[in-house]
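Residue numbers (the working numbering): 3 to 291.
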């Protein structure tokens, strides 16, 4: 079944219609709940609006097997039936993996009975100061920011810390896979040629259960800066000569925008992702530079 549905417009400013969808959940009877800027719209399997609930986004939701759904928005955090009647609510931060719910209150993480909202079990929550939290299938969790992931098991014991250093944005999501590995992705600034025009690229990668990934040996390369001192200058020629004949993973267009880079941008604004070559210079700079 394919359909295209236009939701009613919302007027926060007179005569200027707007609408925004924040999340969609599938209910067990085939209906959909759609959290928007002004309401929750219940749609039938053909996309027709059959009910409107007085809750608004931003927020998130997901459906339970019996037709209820979980809602988190500014005015409510908890479980509702398909008619929009609250079953339970909780003011604490609620985390989830699929439909398994957890409550984070202070430094305690509690697994919840999804039907009643009551606590099943609790363990100390290990926090490292990283702002984002992702629950995982095995009951463990990750805390992360744009550069660092700290992975914990279901007892709160740290399994590994992985760091990815890419300029500007870096990672913006971490998720768990069925084999216990993690998947992550985001965007990074790849080059800035002329007239202050930034170019962004995206990346996606996996991290195994021990915290190892090809992303570990992936860094930002400033074209021509062969000794990694932050500027393109004559001294780089020596290292370029020493590395002649070295081979490694290709960087597609890293040298294209090298014109006058050192003069106008100090060698800091142009780069492409590079994975380590097999060899390094005596003081540790990799030949990929």
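Think of the CB as a built atom: it goes at the ideal place given N, C-alpha and C, for glycine as much as any other residue.
Item	Value
In whole angstroms, give me the CA-to-CA distance for residue 108 and residue 290.	46 Å
Mapping DSSP to helix, strand and coil, what is residue 219?	helix
Measure from the alpha carbon of residue 33 to the alpha carbon of each residue in 77, 46, 70 and 75, then state which is nearest.	46
Which runs of the beta strand (DSSP E) at least 3 residues long sit entirely within the stretch 81-167? Give them in chain order.	88-91, 95-99, 102-107, 110-114, 121-126, 134-137, 143-146, 150-154 and 160-165
Taking contact to mean at least 3 C-beta pairs separated by less than 8 Å, is the stretch 204-218 in contact with the stretch 153-168?	yes
Could you check which residue in 171, 172 and 132 has the C-alpha nearest to that of residue 153?	132
Just mark residue 151 as buried or exposed, buried being the case when its beta carbon has 16 or more other beta carbons within 10 Å.	buried
Is the beta carbon of residue 81 closer than 9 Å to that of residue 119?	yes
Would you kindly work out how many angstroms separate the C-alpha atoms of residue 1 and residue 50, rounded to a whole number?	Because the chain in this structure spans residues 3 to 291, residue 1 falls outside the shown range and cannot be described.
Report the rounded CA-to-CA distance for residue 259 versus residue 31, giving the unit in angstroms.	Interpretation of residue 259 is limited by its pLDDT of 46, a score under 50 that renders its predicted location unreliable; the figure taken from the coordinates is listed afterwards. Taking the straight line from one Cα to the other gives about 55 Å.
Would you mind sorting residue 243 into buried or exposed? The rule is 16 or more other CB atoms within 10 Å of its CB.	exposed
Here's a check: name, in chain order, each residue in its chain whose Cβ is nearer than 7 Å to the Cβ of residue 266, leaving out the five neighbours to either side.	Note that residue 266 has pLDDT 39, beneath the 50 cutoff, so the model's placement of it is unreliable and no number is given.
Under a Cβ-count criterion, where at least 16 other Cβ atoms within 10 Å of its own Cβ denotes burial, should residue 22 be classed as buried or exposed?	exposed
Grouping DSSP H, G and I as helix and E and B as strand, with all else coil, what is residue 284?	coil
Can you tell me which of the three DSSP states residue 25 falls into?	strand
Over what stretch of residues does the beta strand (DSSP E) that includes residue 234 continue unbroken?	Counting along the chain, residue 234 falls outside any beta strand (DSSP E), and DSSP gives it neither H nor E.
Helix, strand or coil: how does DSSP classify residue 9 here?	coil
Identify every residue that forms a DSSP beta bridge with residue 187.	175 and 206
Residue 96 and residue 106: beta carbons closer than 9 Å?	yes
Assign residue 39 to one of three DSSP states: helix, strand, or coil.	coil
Is the separation between the beta-carbon of residue 139 and that of residue 100 shorter than 9 Å?	yes
Within 10 angstroms of its Cβ, does residue 123 collect 16 or more other Cβ (buried), or is it exposed?	exposed
If residue 162 and residue 212 are in contact, beta carbons under 8 Å, what's the gap, nearest whole angstrom?	6 Å
Between 17, 186, 126 and 9, which lies nearest to residue 303 when the distance is taken from Cα to Cα?	In this structure the chain extends from 3 to 291, so residue 303 is not present and cannot be described.
Hey, residue 283 and residue 245: beta-carbon distance below 9 Å or not?	yes
Run the CB neighbour count on residue 175, radius 10 Å, all protein chains shown included, and call it buried at 16 or more, exposed below.	exposed
Between which two residues does the beta strand (DSSP E) carrying residue 53 extend?	51-55
Could you pull the start and end residues of the beta strand (DSSP E) that residue 19 belongs to?	18-20
Measure how close the beta-carbons of residue 64 and residue 72 come, nearest whole angstrom, since I'm counting them as under 8 Å.	5 Å
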